[in-house]
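Presented below is the structure to which this report refers.
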Amino acid sequence: MKVLLHIFRYLVGGLFVFSGLIKVNDPVGTSIKMEEYFEVFAHDIAPAFEWLKPFSLSISVILIVLEVGLGVMLLLNYRKKLTLSLLLALIIFFTFLTFYSAYFNKVTDCGCFGDAIKLTPWESFIKDIILVVMIGVLFLQQKKLADHQGGFRGVIVVSSLVLSLILSIIAIRNLPFIDFRAYKNGVNIQKGMLPSGVLEYSYIMKKEGEELILDEYPTDESYEFVDMKLKNPEALPKISDFAIWNDEGDFTEQALQGNKLLVCISSFEKMNRDKLDALDALMNIDGIETWVISAASAEQTKALLQEHGWQVPSFYGDATVLKTMIRSNPGLIVLAEGTVIEKYHINNAPSPEEVLDIIK
1 MKVLLHIFRY LVGGLFVFSG LIKVNDPVGT SIKMEEYFEV FAHDIAPAFE WLKPFSLSIS
61 VILIVLEVGL GVMLLLNYRK KLTLSLLLAL IIFFTFLTFY SAYFNKVTDC GCFGDAIKLT
121 PWESFIKDII LVVMIGVLFL QQKKLADHQG GFRGVIVVSS LVLSLILSII AIRNLPFIDF
181 RAYKNGVNIQ KGMLPSGVLE YSYIMKKEGE ELILDEYPTD ESYEFVDMKL KNPEALPKIS
241 DFAIWNDEGD FTEQALQGNK LLVCISSFEK MNRDKLDALD ALMNIDGIET WVISAASAEQ
301 TKALLQEHGW QVPSFYGDAT VLKTMIRSNP GLIVLAEGTV IEKYHINNAP SPEEVLDIIK
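For what it's worth, full-length UniProt numbering labels the leading residue of the sequence shown as 1, then goes sequentially.
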């Protein structure tokens with residue numbers, strides 16, 4: 001039994017540290033996911049969840065730091081009663097989230113491992129059920145585990161908490177250390193919008209009351225069509241929702257031609273206005289078109305352009321897509337013939353010379 005407990009301890013502790021570190025890389029992404037949950041819960045369970053949305057980033061950082069810290073504590077057998085109690089509470093909370101996502105098909109990606117590893121809602125729920133069992137066994141059998149209260153283990157635990165908090169703040173004030181998203185540097189958006197292979201489907205047909213799964217659509221008209229399923233979802237386009245438009249029409253194709261500097265604003269309410277003056281010099285760079293892409297109304301965008309004297313084209317973009325493209329509001333993306341060359345947080349806005357240097 002003791003061997004099994006140690007296996008469970010290393011698996012659970014290692015997984016929590018791994019999951020936490022992936023989220024440390026992108027706390028803003030985790031907060032976006034938390035906002036989705038709060039919005040769903042506010043609609044389905046209680047309006048009070050709407051009040052939590054403004055605090056989603058702070059809540060995300062707390063959960064991330066807690067996840068890393070508890071994983072380290074479990075691996076070190078540090079304060080086992082406190083560690084296992086908090087782990088059990090945390091995994092029950094996560095299991096509720098993933099079950100709700102899976103059963104009601106509300107939030108289709110739980111964000112358990114950020115953008116690094118994508119799991120379906122049911123895969124996430126099954127993973128959490130396994131963790132509930134392992135943590136439950138550890139909790140019930142904790143008397144058989146060693147218990148350490150201080151010493152160098154305490155120093156390691158405190159260091160892991162402080163380090164994960166510092167890294168989270170750095171990632172928030174800049175951009176993720178590692179970009180796992182479809183719009184990372186070096187990606188050609190046009191190619192990303194194409195399937196990576198031939199899409200293959202299986203067809204669910206009904207004949208004489210019996211359902212059959214066929215690899216090809218039958219020519220026999222006695223078959224009744226029921227459904228079709230994609231056999232190779234990995235071949236689907238990595239980018240399926242990129243679109244740029246304004247009241248004059250669709251400009252998606254033009255956005256991917258030539259050299260562009262996109263100023264992406266996903267939310268006017270949450271926009272970092274204090275840094276906008278740093279963008280003034282970027283509105284007129286020789287050989288590079290600067291476009292403002294926002295998820296706001298035309299009136300809001302027009303007022304912003306007039307306020308800062310920016311004489312550049314403005315377009316609409318979906319807020320979710322803009323948040324996916326860059327974890328900064330506003331954020332800057334340099335494109336060359338549709339390829340993402342560089343991305344900048346508003347805190348690190350480049351000079352015109354820097355933009356020209358990377359385009360060459």
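All residues carry an ideal CB built from backbone N, CA and C; glycine is no exception. If you're wondering where the values come from, they're calculated on a predicted model, not measured in any experiment.
Is the distance from the Cβ of GLY287 to the Cβ of VAL157 below 9 Å? Residue numbering aside, residue 287 sits at position 287 when the sequence shown is read from its first letter. Residue numbering aside, residue 157 sits at position 157 when the sequence shown is read from its first letter. Not in contact: GLY287 and VAL157 (Cβ atoms no closer than 9 Å).
Give the straight-line distance between the Cα atoms of LYS144 and ILE7, rounded to the nearest whole angstrom. The residue you call residue 144 lines up with position 144 of the sequence shown. The residue you call residue 7 lines up with position 7 of the sequence shown. Using only the alpha carbons, I get a separation of about 13 Å.
State the CB to CB distance for the pair GLY338 and GLN190, rounded to an integer number of angstroms; the pair is presumed to be in contact (CB under 8 Å). In the sequence shown, the residue the question calls residue 338 occupies position 338. In the sequence shown, the residue the question calls residue 190 occupies position 190. Contact between GLY338 and GLN190 holds, since their C-beta atoms are separated by about 4 Å, short of 8 Å.
Among GLY136, GLN141, PHE94, which residue has its Cα nearest to the Cα of TRP122? Here residue 122 corresponds to residue number 122 of the sequence shown, with the count starting at 1. Nearest C-alpha to TRP122: PHE94.
Mind the definition here: the stretch 277-295 touches the stretch 253-266 only if three or more C-beta pairs lie below 8 Å; say whether that holds. The stretch 277-295 is in contact with the stretch 253-266.
Does the distance from the CB of SER164 to the CB of ILE45 come in under 9 Å? The residue you call residue 164 lines up with position 164 of the sequence shown. The residue you call residue 45 lines up with position 45 of the sequence shown. Going by C-beta atoms, SER164 is not nearer than 9 Å to ILE45.
Quick one: what does DSSP say VAL340 is sitting in, helix, strand or coil? Along the sequence shown, read from residue 1 onward, the residue named residue 340 stands at position 340. In the three-state reduction of the DSSP assignment, VAL340 falls in the strand class, which pools E and B.
If you compare alpha carbons, which of GLU35, VAL334, ALA278, LYS275 is closest to ILE293? Counting from one through the sequence shown, the residue named residue 293 turns up at place 293. Per the Cα distances, VAL334.
In whole angstroms, give me the CA-to-CA distance for ALA171 and ASN348. The residue given as residue 171 occupies position 171 in the sequence shown. The residue given as residue 348 occupies position 348 in the sequence shown. ALA171 and ASN348 have their C-alpha atoms some 12 Å from each other.
Name the residue from PRO350, GLY186, SER56, LYS106 whose alpha carbon lies nearest to the alpha carbon of LEU276. For the purposes of this step, residue 276 is taken as residue 276 along the sequence shown, with counting starting at 1. Of the candidates PRO350, GLY186, SER56, LYS106, PRO350 places its Cα closest to the Cα of LEU276.
Under 8 Å by Cβ, that's how I've got PHE55 and PHE49 pegged, so tell me the actual separation to the nearest angstrom. To locate residue 55, count along the sequence shown from 1; it is residue 55. To locate residue 49, count along the sequence shown from 1; it is residue 49. The Cβ separation is near 11 Å, so there is no contact.
Enclosing beta strand (DSSP E) for THR290 [first to last residue]: Within the sequence shown, the letter at position 290 stands for residue 290. Here the beta strand (DSSP E) through THR290 covers 289-294.
Rounding to the nearest angstrom, what Cα-Cα distance links ALA295 and GLY209 in this structure? Locating residue 295 in the sequence shown gives position 295, counting from the first residue. Locating residue 209 in the sequence shown gives position 209, counting from the first residue. Their Cα atoms are separated by approximately 49 Å.
Nearest neighbour of THR120, chosen from SER101, VAL137, ILE129 [CA to CA]: Within the sequence shown, numbered from 1, the residue matching residue 120 stands at position 120. Here the closest residue by C-alpha is SER101.
Candidates GLY192, ALA278, LYS207: closest to SER240 by CA position: By 1-based counting over the sequence shown, the position of residue 240 is 240. That would be GLY192, whose Cα lies nearest to the Cα of SER240.
Would you call the CB atoms of SER168 and VAL61 closer than 9 Å? Taking the sequence shown and counting its residues from 1, one reaches residue 168 at position 168. Taking the sequence shown and counting its residues from 1, one reaches residue 61 at position 61. Between SER168 and VAL61, the C-beta gap is smaller than 9 Å, which places the two residues in contact.
Indicate whether GLU200 and LEU230 have their beta-carbon atoms separated by less than 9 Å. Here residue 200 refers to the residue found at position 200 when the sequence shown is read from its first residue. Here residue 230 refers to the residue found at position 230 when the sequence shown is read from its first residue. Yes; because the gap between Cβ atoms is below 9 Å, this pair is in contact.
Note down the Cα distance separating LEU5 from ILE117, rounded to an integer number of angstroms. Residue numbering aside, residue 5 sits at position 5 when the sequence shown is read from its first letter. Residue numbering aside, residue 117 sits at position 117 when the sequence shown is read from its first letter. Rounded to the nearest angstrom, the two C-alpha atoms are 27 Å apart.
I'd like to check one pair, ILE346 with LEU332: are the Cβ atoms closer than 9 Å? As a working mapping, residue 332 is identified with position 332 in the sequence shown. As a working mapping, residue 346 is identified with position 346 in the sequence shown. Contact flag set, yes.
Quick one: which unbroken beta strand (DSSP E) runs of 3-plus residues sit fully inside the stretch 258-309? Chain order, please. Those beta strand (DSSP E) runs which fall completely within the stretch 258-309 and span 3+ residues are 259-265, 289-294.
Just to confirm the assignment, what range does the beta strand (DSSP E) spanning SER160 have? On the sequence shown, position 160 is the one that residue 160 refers to. Boundaries around SER160 are those of the alpha helix (DSSP H), 151-173, since no beta strand (DSSP E) includes it.
Round the Cβ separation of ALA182 and LYS238 to the nearest angstrom and send it over; I've been treating them as touching at under 8 Å. The residue given as residue 182 occupies position 182 in the sequence shown. The residue given as residue 238 occupies position 238 in the sequence shown. ALA182 to LYS238, Cβ: 4 Å. Contact.
Any 3 or more C-beta pairs closer than 8 Å across the stretch 17-36 and the stretch 149-156: Touching, no.
Continuous alpha helix (DSSP H) assignments of at least 4 residues falling wholly in the stretch 185-261: Listed in chain order, the complete alpha helix (DSSP H) runs (minimum 4 residues) inside the stretch 185-261 are 189-192, 252-255.
Rounded Cβ spacing between MET205 and PHE225 (contact assumed at less than 8 Å): Here residue 205 corresponds to residue number 205 of the sequence shown, with the count starting at 1. Here residue 225 corresponds to residue number 225 of the sequence shown, with the count starting at 1. Their Cβ separation, rounded to whole angstroms, is 6 Å, which keeps MET205 and PHE225 in contact under 8 Å.
How long is the line joining the alpha carbons of MET325 and LYS184, rounded to whole angstroms? Position 325 of the sequence shown, counting from 1, holds the residue named residue 325. Position 184 of the sequence shown, counting from 1, holds the residue named residue 184. Straight-line Cα distance between these residues: approximately 8 Å.
State the DSSP-derived secondary structure class of GLY331, mapped to helix, strand or coil. In the sequence shown, residue 331 corresponds to position 331, counting from 1. In this structure, GLY331 counts as strand in the three-state DSSP scheme.
Please report how far the alpha carbon of ALA235 lies from the alpha carbon of ASP250, in whole angstroms. The count along the sequence shown starts at 1 and reaches residue 235 at position 235. The count along the sequence shown starts at 1 and reaches residue 250 at position 250. Rounded to the nearest angstrom, the gap between the Cα atoms of ALA235 and ASP250 is 26 Å.
Whole angstroms are fine: how far does the CA of GLY71 sit from the CA of VAL133? Locating residue 133 in the sequence shown gives position 133, where the first residue counts as 1. Locating residue 71 in the sequence shown gives position 71, where the first residue counts as 1. Between VAL133 and GLY71, the C-alpha separation is close to 16 Å.
Looking only at its chain, what residues have a beta carbon closer than 7 Å to the beta carbon of ASN25, apart from the 5 residues adjacent to it on each side? Here residue 25 corresponds to residue number 25 of the sequence shown, with the count starting at 1. Here the set comprises GLY114, ALA171, PRO176, PHE177, ILE178.
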